[in-house]
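Q: This is the structure I have questions about; it appears just below.
Right under this line is the structure:
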């Protein structure tokens, strides 16, 4: 008797606690108990309040919402716990409802009724649909970017690939078992050692995995892929897995190789042209020196123009040859260069220009005293930027040139600022400044080779240069060098 009372009390508490509709009936379909949610649903369906003792069978027949209840209750009364699911409504307004039917038994084991629990699954279905839509968009994004994600269970040697990874590697899901050994077989034989070393370094040293290698697809097609990822460890520090992304970079790599090849061919072309023209140019210049001037004014004018044109052509070839030689810097030759030593050489080279212009040069290298590179290049870079600042100074205003350094996580920034004439700097004009024979302005003398050589030498040391300028305020060049 005591157990029965406890069961009844628990049922009452359950009826109070649930937001979903819960009710109970006896074998004759007479309502014996219900909660607030059932009362609200019943009233919504039938425009009346439910009462204990109400015969539910006729109501079940009249309602679309309760249409599965009669059959479910019949099965529960036959000792079968069951459930059913249905949609109520149309289109996006449809409610997804699930009913659970549980038989009621007395102490002798006889079924005396059943309990029904109605659960609304609309929110769950919406979440599932939303999740599926997000997954669809995610897969679509991966396909567009030709990138996929992967995870590797190191202990089981099982690799899980997204659909796009299978496409990148030219494999079919379900037919290819991804393991570390199987992956190594897909990597180009010449790249396997480097790939494996990067993976092992990532695991042992807890560093990011970042490598690019070739893979062999299908009947021998070569593709380039880039991997990025990280390793995971258990509480004892043992590696348990890795996860990351793989991107197909074949188009980028082929384009880069094509540019390198074109640059190589261009350099060879310039060398050949320079070599073939050097002899004739020297002969023309020599002939102009031995020409008997003053006898024929018309001939003098013609020879003078030939001489001027030949000298300009000779200088152009020298400039091109110098530009080519600057691009061949070897990284193994880079050293930590003290900027104070660079400034000593620059001061000596610019002594006359600084004196004539009364320029003031201020330096502050407190945030970074050295730069990794070639001293001769750094001297030429600073020399040209200071000379540029002097040439583009304001009339009747003393040039003030400030040179300082900044440091970031991965770079040293060398800045050269002036109080010169400045300019309105559009993106197109900014690009042209660093072109061969490009110039900030047409109001000063000079060929405009200086800034081109600066950019060439900066890039030869794996750096990049930016310029900011404001008319009548001044110009700042910022050079980013790798640490």
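In the UniProt record's numbering, the protein residues as written are 1 to 483.
Glycine included, each C-beta is placed from N, C-alpha and C at the ideal position.
#1: What residue from 42, 418, 55 and 145 has the CA that sits closest to residue 225's CA?
#2: Could you give the uninterrupted runs of the beta strand (DSSP E) lying entirely in the stretch 165–206, keeping only those of 3 residues or more?
#3: Taking the alpha-carbon positions, what's the residue 309 to residue 358 distance?
#4: Which runs of the alpha helix (DSSP H), 4 residues or longer, sit entirely within the stretch 357–442?
#5: Give the DSSP-derived three-state secondary structure of residue 297 in the structure shown.
#6: Quick check on the burial criterion: 16 or more other C-beta atoms within 10 angstroms. Buried or exposed for residue 83?
#7: Can residue 246 and residue 187 be called in contact, C-beta distance under 9 Å?
#8: Look at the alpha carbon of residue 420 and the alpha carbon of residue 467, and state the distance between them as a whole number of angstroms.
#9: How should residue 290 be labelled, buried or exposed, when 16 other C-beta atoms within 10 angstroms of its C-beta is the threshold for buried?
#10: According to DSSP, is residue 29 part of a helix, a strand, or is it coil?
#11: Just checking residue 478 against the ligand SAH - is the residue's beta carbon closer than 8 Å to any of the ligand's heavy atoms?
#12: From the DSSP output, read off the bridge partner residues of residue 100.
#13: Assuming residue 337 contacts residue 371 (C-beta within less than 8 Å), just tell me the rounded distance between them.
#14: Enumerate in chain order the residues of its own chain whose CB-to-CB distance from residue 364 is below 8 Å, with the five nearest sequence positions on each side excluded.
#15: Taking all protein chains shown into account, do 16 or more other C-beta atoms lie within 10 angstroms of the C-beta of residue 469, making it buried, or fewer, making it exposed?
#16: Around the Cβ of residue 214, are there at least 16 other Cβ atoms within 10 angstroms (buried) or fewer (exposed)?
#17: So, helix, strand or coil for residue 279, using DSSP?
#18: For residue 458 and residue 377, what's the separation of their Cα atoms in angstroms?
#19: Quick one: what does DSSP say residue 445 is sitting in, helix, strand or coil?
#20: Quick check: the stretch 189–203 against the stretch 159–168, are at least 3 beta-carbon pairs closer than 8 Å?
#21: Secondary structure at residue 309, three-state DSSP: helix, strand or coil?
#22: For the alpha helix (DSSP H) that residue 71 lies in, which residues bound it at each end?
#23: On the criterion of 16 or more Cβ atoms from any shown chain inside 10 Å, does residue 342 qualify as buried, or is it exposed?
#24: For the structure I just gave you, are there three or more beta carbon pairs, one from the stretch 277–288 and one from the stretch 230–250, closer than 8 Å?
#25: Using three-state DSSP, classify residue 46 as helix, strand or coil.
#26: In whole angstroms, what separates the C-alpha of residue 173 from that of residue 180?
#27: Below 9 Å between beta carbons: does that hold for residue 211 and residue 198?
#28: Could you tell me the alpha carbon to alpha carbon distance between residue 110 and residue 70, rounded to whole angstroms?
#29: Taking a contact to mean a Cβ-Cβ separation below 9 Å, would you say residue 149 touches residue 162 in this structure?
#30: Given this structure, state the Cα-to-Cα distance separating residue 106 from residue 243, to the nearest angstrom.
#31: Looking only at C-alpha atoms, which of 44, 335 and 52 sits nearest to residue 24?
#32: Going by Cα to Cα distance, which pick from 77, 36, 44 and 411 is closest to residue 30?
#33: Taking its Cβ as the centre, do 16 or more other Cβ atoms sit within 10 Å of residue 455, making it buried, or is it exposed?
#34: May I ask you to report which of helix, strand or coil DSSP gives residue 17?
#35: Would you mind working out which of 155, 28, 349 and 415 sits nearest residue 58, comparing C-alpha positions?
A: Taking the geometry as given:
#1: Translated into the one-based positions of the chain shown, residue 225 becomes position 225. Considering only alpha carbons, the answer is 145.
#2: none
#3: On the chain shown, position 309 is the one that residue 309 refers to. On the chain shown, position 358 is the one that residue 358 refers to. Between residue 309 and residue 358, the C-alpha separation is close to 36 Å.
#4: 375–391 and 427–433
#5: As a first step, residue 297 is located in the chain shown; it is residue number 297 there, counting from the start. Three-state DSSP puts residue 297 in a helix.
#6: By one-based count along the chain shown, residue 83 stands at place 83. It counts as exposed.
#7: Taking the chain shown and counting its residues from 1, one reaches residue 246 at position 246. Taking the chain shown and counting its residues from 1, one reaches residue 187 at position 187. Going by C-beta atoms, residue 246 is not nearer than 9 Å to residue 187.
#8: Along the chain shown, one-based indexing puts residue 420 at 420. Along the chain shown, one-based indexing puts residue 467 at 467. Going from the Cα of residue 420 to the Cα of residue 467 covers about 14 Å.
#9: Along the chain shown, one-based indexing puts residue 290 at 290. Label assigned to residue 290: exposed.
#10: Locating residue 29 in the chain shown gives position 29, where the first residue counts as 1. Residue state, collapsed to three classes: coil.
#11: Only the bare structure without any ligand can be found here, which leaves the ligand SAH out of the picture.
#12: Numbered from its first residue, the chain shown carries residue 100 at position 100. DSSP lists 83 and 117 as partners of residue 100.
#13: Here residue 337 corresponds to residue number 337 of the chain shown, with the count starting at 1. Here residue 371 corresponds to residue number 371 of the chain shown, with the count starting at 1. Right, the Cβ-Cβ distance comes to about 5 Å (below 8 Å), so this counts as a contact.
#14: Translated into positions along the chain shown, residue 364 becomes position 364. Around residue 364: 402, 403, 404 and 405.
#15: Walking along the chain shown from the start, residue 469 turns up at place 469. Classification of residue 469: buried, given that the 10 Å Cβ count is 16 or more.
#16: Looking up residue 214 in the chain shown gives position 214. By the neighbour-count rule (16 or more Cβ atoms within 10 Å), residue 214 is buried.
#17: What you label residue 279 is simply residue 279 of the chain shown in a count that begins at 1. In this structure, residue 279 counts as helix in the three-state DSSP scheme.
#18: As a working note, residue 458 is residue 458 in the chain shown. As a working note, residue 377 is residue 377 in the chain shown. Roughly 8 Å separates the two Cα atoms.
#19: What you label residue 445 is simply residue 445 of the chain shown in a count that begins at 1. For residue 445, the predicted model reports a pLDDT of 47, less than 50, meaning its position is unreliable and no value from the coordinates is stated.
#20: no
#21: Taking the chain shown and counting its residues from 1, the one referred to as residue 309 is at position 309. Helix, per DSSP.
#22: The residue you call residue 71 lines up with position 71 of the chain shown. Unbroken alpha helix (DSSP H) run through residue 71: 69–77.
#23: Against the chain shown, residue 342 aligns to sequence position 342. Buried is the call here.
#24: no
#25: Here residue 46 is taken as the residue at index 46 of the chain shown, counted from 1. Three-state DSSP puts residue 46 in a helix.
#26: Position 173 of the chain shown, counted from the start, is the residue given in the question as residue 173. Position 180 of the chain shown, counted from the start, is the residue given in the question as residue 180. Spanning the two alpha carbons is a distance of roughly 16 Å.
#27: Counted from its first residue, the chain shown places residue 211 at position 211. Counted from its first residue, the chain shown places residue 198 at position 198. Their beta carbons are under 9 Å apart, which means residue 211 touches residue 198 by this criterion.
#28: Against the chain shown, residue 110 aligns to sequence position 110. Against the chain shown, residue 70 aligns to sequence position 70. Cα to Cα, the separation comes out at about 20 Å.
#29: Walking along the chain shown from the start, residue 149 turns up at place 149. Walking along the chain shown from the start, residue 162 turns up at place 162. Against a cut-off of 9 Å, the Cβ pair of residue 162 and residue 149 comes out as a contact.
#30: Sequence index remark: in the chain shown, residue 106 carries index 106 (1-based). Sequence index remark: in the chain shown, residue 243 carries index 243 (1-based). Using only the alpha carbons, I get a separation of about 56 Å.
#31: In the chain shown, counting from the first residue as 1, residue 24 sits at position 24. The shortest C-alpha separation from residue 24 is found at 52.
#32: Taking the first residue of the chain shown as position 1, residue 30 is located at position 30. It is 77.
#33: As a first step, residue 455 must be located in the chain shown, where it is residue number 455. Its Cβ being crowded by 16 or more others within 10 Å, residue 455 is buried.
#34: What you label residue 17 is simply residue 17 of the chain shown in a count that begins at 1. In this predicted model, residue 17 has a pLDDT of only 45, less than 50, meaning its place in the structure is not dependable; the value taken from the coordinates is given anyway. Residue 17 falls in the helix class under three-state DSSP.
#35: The residue you call residue 58 lines up with position 58 of the chain shown. Measuring from the Cα of residue 58, the nearest candidate turns out to be 28.
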